[in-house]
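Protein chains in written order, with our numbering: chain E, 1 to 146; chain Z, 1001 to 1099. Built from N, CA and C at the ideal position, the CB exists for glycine as well. The structure presented is a predicted model; accordingly, all values stated were derived computationally and were not measured.
Pasting the structure below:
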């Protein structure tokens, strides 16, 4: 019997699946509060931002969780394109997540929503490229764990 | 009145170090004593860190250097990211990339 909320179980399942993403050598971090050193690049940061309710689902609450999968890359030369360096990593991560959009039965469905990127000069061109996923799931009125 | 002498701030027996760059537009290697800084800064709203390498030097020194030029500061290889005037224009600051 799980003791964590469905949301937390989903987040853990997503991080577990992303751990084998090509190109990051297992550097997948969850909701990191401190800045990651530049030497960590490329790496993935996973966090959730909102969880919206659809209260008309009876006898369970239907929820939509928004999860951000951000890839941080740093070019190796002044003419490098850091967001381009993130592309293969994001393709790999997406493939791993889409292999089981129900996350082993935790979710009803998961799909890719918006994507965005930020680029800064830094000491070499650096990029944070984010894919947002929406995860639909349900839990009972009384128990958030199932 | 007295004439300004900013050279006193760039003594290698104090805090300055030697820098030498070759202008990519041609010409000989140029060198000067510069104040070098290497500071970690937060980027992406604090999600990651980067190193901010800069050198400050008299505006008349290192003539002709510009973005993309490479050289050394205190014996370490760097490339110029950009060059800007600083303060009253008698100084310049160049942002560097470690290569």
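**OP:** For chain Z, find out if any of its Cβ atoms is closer than 7 angstroms to the Cβ of residue 24 (chain E); answer yes or no.
**Re:** Translated into the one-based positions of the first chain, residue 24 (chain E) becomes position 24. No - not a single Cβ of chain Z is within 7 angstroms of the one on residue 24 (chain E).
Subject >> Nearest residue (CA-CA) to residue 32 (chain E), options E:45, E:39 and E:140 >> reply: Taking the first chain and counting its residues from 1, one reaches residue 32 (chain E) at position 32. Looking at the Cα atoms, E:45 is the closest of the given residues.
Original post:
For residue 64 (chain E) versus residue 134 (chain E), is the C-beta distance shorter than 7 angstroms?
Top reply: Stepping through the first chain from its first residue, residue 64 (chain E) is reached at position 64. Stepping through the first chain from its first residue, residue 134 (chain E) is reached at position 134. In this structure, residue 134 (chain E) lies closer than 7 angstroms to residue 64 (chain E) by Cβ.
Subject >> Positions along the segment 105-129 of chain E whose CB lies within less than 7 angstroms of some CB in chain Z >> reply: 118, 120, 121, 122, 123, 124, 126 and 128
Subject >> Classification of residue 109 (chain E) by the beta-carbon crowding that lies within 10 angstroms, buried from 16 upward >> reply: As a first step, residue 109 (chain E) is located in the first chain; it is residue number 109 there, counting from the start. The residue is exposed, with fewer than 16 neighbouring Cβ atoms inside 10 Å.
Original post:
Which residues, in chain order, does the segment 66-97 of chain E contribute to contact with chain B at a C-beta distance below 7 angstroms?
Top reply: In summary, chain B is missing from the structure at hand, where the protein chains are E and Z.
**OP:** Measure from the alpha carbon of residue 42 (chain E) to the alpha carbon of each residue in E:136, E:87 and E:113, then state which is nearest.
**Re:** Here residue 42 (chain E) is taken as the residue at index 42 of the first chain, counted from 1. Here the closest residue by C-alpha is E:87.
Original post:
What does residue 1071 (chain Z) touch in chain E if you count any residue whose Cβ is under 9 angstroms from its own?
Top reply: As a working note, residue 1071 (chain Z) is residue 71 in the second chain. Neighbours of residue 1071 (chain Z) on chain E: none; closest Cβ ~14 angstroms, over 9 angstroms.
**OP:** Identify the contact partners of residue 38 (chain E) in chain Z, using a Cβ-Cβ distance below 9 angstroms as the criterion.
**Re:** Position 38 of the first chain holds residue 38 (chain E). What residue 38 (chain E) touches in chain Z: 1040, 1043, 1048, 1049, 1050 and 1051.
**OP:** Identify whether residue 1056 (chain Z) lies in helix, strand or coil by the three-state DSSP scheme.
**Re:** Taking the first residue of the second chain as position 1, residue 1056 (chain Z) is located at position 56. Correct three-state label for residue 1056 (chain Z): strand.
Original post:
Terminal residues of the continuous beta strand (DSSP E) containing residue 110 (chain E)?
Top reply: The count along the first chain starts at 1 and reaches residue 110 (chain E) at position 110. Where residue 110 (chain E) is concerned, the enclosing beta strand (DSSP E) stretches over 109-120.
Original post:
Does residue 1097 (chain Z) get closer than 7 angstroms to chain E when you measure Cβ to Cβ?
Top reply: One-based indexing of the second chain puts residue 1097 (chain Z) at position 97. It does: the Cβ of residue 1097 (chain Z) has a partner Cβ on chain E nearer than 7 angstroms.
Subject >> Under 8 angstroms by beta carbon: chain E residues contacting residue 1081 (chain Z) >> reply: The residue given as residue 1081 (chain Z) occupies position 81 in the second chain. Going along chain E in sequence order, the residues near residue 1081 (chain Z) (Cβ under 8 angstroms) are 78, 121 and 123.
Subject >> Neighbour list for residue 1068 (chain Z) in chain E, Cβ cutoff strictly below 8 angstroms >> reply: Numbered from its first residue, the second chain carries residue 1068 (chain Z) at position 68. Within 8 angstroms Cβ-Cβ: 78.
Original post:
Pick from Z:1053, Z:1024 and Z:1022: whose alpha carbon is nearest that of residue 1037 (chain Z)?
Top reply: Translated into positions along the second chain, residue 1037 (chain Z) becomes position 37. Here the closest residue by C-alpha is Z:1053.
**OP:** Report the rounded CA-to-CA distance for residue 1064 (chain Z) versus residue 47 (chain E), giving the unit in angstroms.
**Re:** If you number the second chain from 1, residue 1064 (chain Z) lands on position 64. If you number the first chain from 1, residue 47 (chain E) lands on position 47. Near 47 angstroms, if we compare the C-alpha coordinates of residue 47 (chain E) and residue 1064 (chain Z).
Original post:
Taking residue 99 (chain E) as the reference, which of E:5, E:2, E:13 and E:9 has the closest Cα?
Top reply: Counting from one through the first chain, the residue named residue 99 (chain E) turns up at place 99. Distance check between residue 99 (chain E) and each of E:5, E:2, E:13 and E:9 places E:13 closest, using alpha-carbon atoms only.
Subject >> residue 16 (chain E), enclosing alpha helix (DSSP H) - first and last residue >> reply: Within the first chain, the letter at position 16 stands for residue 16 (chain E). Segment 6-18, the alpha helix (DSSP H) holding residue 16 (chain E).
**OP:** Could you pull out every residue in the same chain whose Cβ sits closer than 7 angstroms to the Cβ of residue 114 (chain E), ignoring the five residues on either side in sequence?
**Re:** The residue given as residue 114 (chain E) occupies position 114 in the first chain. Closer than 7 angstroms at the Cβ level, and outside the excluded window around residue 114 (chain E), lie 132.
Original post:
For the beta strand (DSSP E) that residue 67 (chain E) lies in, which residues bound it at each end?
Top reply: Translated into positions along the first chain, residue 67 (chain E) becomes position 67. Per DSSP, the continuous beta strand (DSSP E) segment holding residue 67 (chain E) begins and ends at 60-74.
Original post:
residue 1059 (chain Z) and residue 1092 (chain Z) look like a contact to me (Cβ under 8 angstroms); what is the Cβ gap, rounded to whole Å?
Top reply: Sequence index remark: in the second chain, residue 1059 (chain Z) carries index 59 (1-based). Sequence index remark: in the second chain, residue 1092 (chain Z) carries index 92 (1-based). With 8 angstroms as the limit, residue 1059 (chain Z) and residue 1092 (chain Z) qualify as a contact, their Cβ atoms being about 5 angstroms apart.
**OP:** Would you decide whether residue 1098 (chain Z) is buried or exposed? Buried here means 16 or more other CB atoms lie within 10 Å of its CB.
**Re:** Taking the second chain and counting its residues from 1, one reaches residue 1098 (chain Z) at position 98. Label assigned to residue 1098 (chain Z): exposed.
Original post:
Quick one, which of E:53, E:69, E:106 and E:17 has its alpha-carbon nearest residue 1047 (chain Z)'s?
Top reply: Here residue 1047 (chain Z) refers to the residue found at position 47 when the second chain is read from its first residue. Restricting attention to E:53, E:69, E:106 and E:17, the CA atom closest to the CA of residue 1047 (chain Z) is found in E:69.
**OP:** Kindly list the residues whose CB is nearer than 8 angstroms to the CB of residue 18 (chain E), restricted to its own chain and excluding five residues on each side of it in sequence; keep chain order.
**Re:** Start at 1 with the first residue of the first chain, and residue 18 (chain E) comes out as number 18. Excluding positions up to five away in sequence, the list reads 28, 44, 46, 69, 93, 96 and 97.
Subject >> Any 3 or more C-beta pairs closer than 8 angstroms across the segment 1019-1030 of chain Z and the segment 118-129 of chain E >> reply: no
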